[in-house]
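Inspection log for the structure reproduced underneath, given as structure tokens.
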Amino acid sequence: MSGFNLAATSKEDQDKVAIDLVASGVAYKERLAMPVVAELVAREQPEHLREYFWGRLEHYRQVSAQLPDKNATEYAKKEDEVKR
């Protein structure tokens with residue numbers, strides 16, 4: 001995929017990639033219990049892409065449900081790293 005150039009895609013495809021990034025960010029913050037309001041984020045997106053945003057957000061929420069939550073040991077910092 002290193003040969004894939006987003007600048008060579010259509011503006012519509014670039015916008016959809018940007019929406020995907022925003023939707024995945026919302027799902028990430030929700031999973032880690034960080035403050036985020038999906039409705040406010042959706043309002044910031046272009047009106048013609050809001051339905052696409054909601055679809056992608058639902059997809060990323062489903063993917064996120066399979067990942068560890070904020071209390072998982074994978075995210076716990078080791079005591080040595082904290083003291084540095």
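Residue 1 is where the sequence shown starts when you use full-length UniProt numbering, and the numbers rise one by one after that. Idealized CB from N, CA, C, for every residue including glycine. On a predicted model such as this, the values are computed, not experimentally measured, just so you know.
Between P46 and A76, what straight-line distance do the alpha-carbon atoms span, to the nearest angstrom? 37 angstroms
Within the segment 26-50, note down every full alpha helix (DSSP H) run reaching 4 residues or more, in order along the chain. 38-43
Since E52 and I19 should fall inside the 8 angstroms C-beta cutoff, what is the C-beta to C-beta distance between them, to a whole number of angstroms? It should be noted that the sequence gives Tyr, not Glu, for residue 52. Correct: roughly 6 angstroms between the Cβ atoms.
Contacts around M1, its chain only, beta-carbon distance under 8 angstroms, and the 5 residues preceding and following it disregarded: Low confidence applies to M1: its pLDDT is 49, below 50, so where it sits in the model is not reliable, and the reading given next is rough at best. Correct list: empty, nothing qualifies.
A65 (DSSP reduced to helix, strand or coil): coil
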